[in-house]
Structure formats: structure tokens, C-alpha cells
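J.: In my numbering, the protein residues as written are 417 to 718.
Where is the CB? At the ideal position from N, CA and C, for every residue including glycine.
(1) Does the Cβ of residue 660 have 16 or more other Cβ atoms within 10 Å, making it buried, or fewer, making it exposed?
(2) Just the Cα atoms here: how many angstroms apart are residue 457 and residue 629?
(3) Touch check for the region 484-496 and the region 426-442: three-plus C-beta pairs under 8 angstroms?
(4) Can you tell me the Cα-Cα spacing of residue 691 and residue 678, whole angstroms?
(5) Cutting at 8 angstroms between CB atoms, please list the residues of its own chain near residue 523, excluding the five before and the five after it.
(6) So which of 508, 510, 436 and 460 has the shortest CA-CA distance to residue 488?
(7) Please state if the CB of residue 654 and the CB of residue 596 are separated by a distance shorter than 8 angstroms.
(8) What residue does the beta strand (DSSP E) around residue 632 start on, and which one ends it?
(9) Going straight from the alpha carbon of residue 419 to that of residue 697, what length do you get?
(10) Tell me the DSSP secondary structure of residue 507 in three-state form.
(11) Thinking C-beta only, is residue 581 closer than 8 angstroms to residue 547?
(12) If you draw a straight line from the alpha carbon of residue 728 to that of residue 617, how long is it in whole angstroms?
(13) Could you check if residue 520 is buried or exposed, using at least 16 other CB atoms within 10 Å of its CB as the buried criterion?
(14) Consult DSSP for residue 622 and reduce its assignment to one of helix, strand or coil.
(15) Between residue 560 and residue 600, which are expected to be in contact by the criterion C-beta below 8 angstroms, what is the C-beta distance as a whole number of angstroms?
(16) Going by other Cβ atoms of all chains shown within 10 Å of its Cβ, with 16 needed for buried, is residue 703 buried or exposed?
(17) Measuring alpha carbon to alpha carbon, tell me which residue in 515, 669 and 442 is nearest residue 577.
(18) Counting only the same chain and skipping the five closest in sequence on each side, list residues whose C-beta sits under 8 angstroms from that of residue 539.
(19) Enumerate, from N- to C-terminal direction, the unbroken alpha helix (DSSP H) stretches of 4 or more residues contained entirely within the region 495-562.
(20) Can you tell me whether residue 614 is helix, strand or coil according to DSSP?
(21) Leaving out five residues before and five after residue 566 in sequence, what residues of the same chain have Cβ atoms less than 6 angstroms from its Cβ?
(22) Terminal residues of the continuous beta strand (DSSP E) containing residue 430?
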């Protein structure tokens, strides 16, 4: 159905991050109901991401790496993925533990190997790079990963590749978090330079944001668990049980667009009534533009 200049996206990615689940749905820090937040997120995905081709979870699935926490993530998200017909791409973060994550999510491979994977959907290659380093909270390349990534980026499909990694290769606004950055940026730049990477999707910072790395857009999904408050007085870091969100990434042949979706239900009103939306649907393209875009004639003397 034609509305504007652009067709529907070739591939739609639902990108969420930092679920920080605990076994048994225990509240994070005794305060934040991360299980309830992820269940709310799943309900919102069913509507906002009804056309998603793939669901990406960019790390820190569990807060303490507990097998039961990964099982809970699977219980909540897999039914949504099945309804949408969209595979889930799981990426490890600094709070995740590889052996438990592999086993609980049925990811296969040797227990301590990086949780790297490749999924192709609709002419787009989604590459999950495990940027976690066992025993550390900062990120980097594990042994052999840079070479694996270089091989994974060869012979890209028609829409190129999207790289998913928990630690964003960007400067971090929060000073303490700079100690937990991805520490192999120069090697990553060598691998990405000249490759057909359309975007890098990350989490880790619990804020929405964006930037560029090696001229590639980097898009951050805020957490579904809790958000970091950059307006909290330093030097402390401040978390708030609010503003949780996930992203929708729309991939076109010649463009990438991303939208931020509130992850938790909020009171809302119809800014465009459903009756008007249905009326516009029933019109032909020229009539749609005239009906929805044309301003009323100004009053005399305006």
C-alpha cells in the first residue's frame, strides 16, 4: 500500500538489550522487576514489531549468568518469535556466562568459546559478535575472533551485514563506563573498513543513542531492565526504573532507519483516530496525500 516515497523496509529488526534477568524472576537489586518488564516488552513487540524478520538481543540477558535466568528469557521471548516467524539472535554481554548461556539457550558449541553466530534474513546478514571477555566487564576480541569476523564479512548478500555486539565501539559519556569499553577498536576498525557493514547494534550503556564507527552507524538500544540517568549527580552512577525501550531497525536497499519504542505500557490517547486512519487507507495514493497532508485554507486576514 503506497503512502510515501519509500516502500516498506526490506528487513525489520527488533533490537532489545540488557534484560538482566535473575533466576526465579527475583527483583534486580531487590528493586527492579526485570521479569515483568520483559513480559511487558514481549507484549509490546507483538504490536510494534509485528512485521519483524528477526529479534536481536544484544547481551546481558542474565544479570548473574544463572541457567534459570536464561530459561526465563527463552520462556518469555520464544513464543513471540514463533508468532512473528522471526528467529532470535542472542548475543553475550559482560554479565553473561558463556557455558550457562550456551546450554540454557541451546546455542551449541564448546562451553567457553565465544557465542558468535550468523543468521541471514531477506538478503541481510546478521552477525552476532560476542564482545564479552570471561572474568572481565570490559569488552574486546577473544582469541581468533577478529579473523572469524573477517571471514564472516566476506561475500556479503544483497543487503550487506549488520553487526551485533554488546559493547558499543564508541566514546562513552559516563567516565566510569569508559573502563568497560570495547578495547580492541583499532583491530575492529581494520576488519570493518571496506566491508559491507550497514550498522552496528549494541547495548551495555542502558541508554538510547547513536554514533559512528569507521563511518558505520552505531545504534544503542536502551535496556528493558532499567535505564542509566545521565542527569544524576556525579561521580555516582544512577539507575532509574523508567524510560525502558527497544528499537526497530528498518533496512532498505539504500538506507537504514531506526525507531525507539517504549518497552513498558503507558497511558496514551489516539493522536490520529482509528476512524481517520481507516478512511485514509481506503483512498488512492493521490487522495491519501490530499486528505492527510493538505492544510485547511487560512481564514481571511490570517
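T.: So, from the listed chains and residues:
(1) buried
(2) 29 angstroms
(3) Using a Cβ-Cβ distance cut-off of 8 angstroms, the region 484-496 and the region 426-442 are in contact, since at least three pairs of beta carbons, one from each stretch, lie closer than that value.
(4) 24 angstroms
(5) 506, 517, 531 and 533
(6) Looking at the Cα atoms, 436 is the closest of the given residues.
(7) no
(8) 632-636
(9) Rounded to whole angstroms, residue 419 to residue 697 spans 9 angstroms at the Cα level.
(10) strand
(11) yes
(12) Limits of the chain in this structure are 417 at one end and 718 at the other, which puts residue 728 out of reach.
(13) Residue 520 is classed as buried because its beta carbon has at least 16 other beta carbons within 10 Å across all chains shown.
(14) coil
(15) Going by Cβ atoms, the distance from residue 560 to residue 600 rounds to 13 angstroms, so no, they are not a contact pair.
(16) exposed
(17) 669
(18) 426, 427, 573, 574 and 575
(19) Counting only runs of 4 or more residues that sit fully inside the region 495-562, the alpha helix (DSSP H) segments are 514-520, in chain order.
(20) Looking at residue 614 - three-state DSSP - the assignment turns out to be strand.
(21) 607
(22) Per DSSP, the continuous beta strand (DSSP E) segment holding residue 430 begins and ends at 427-432.
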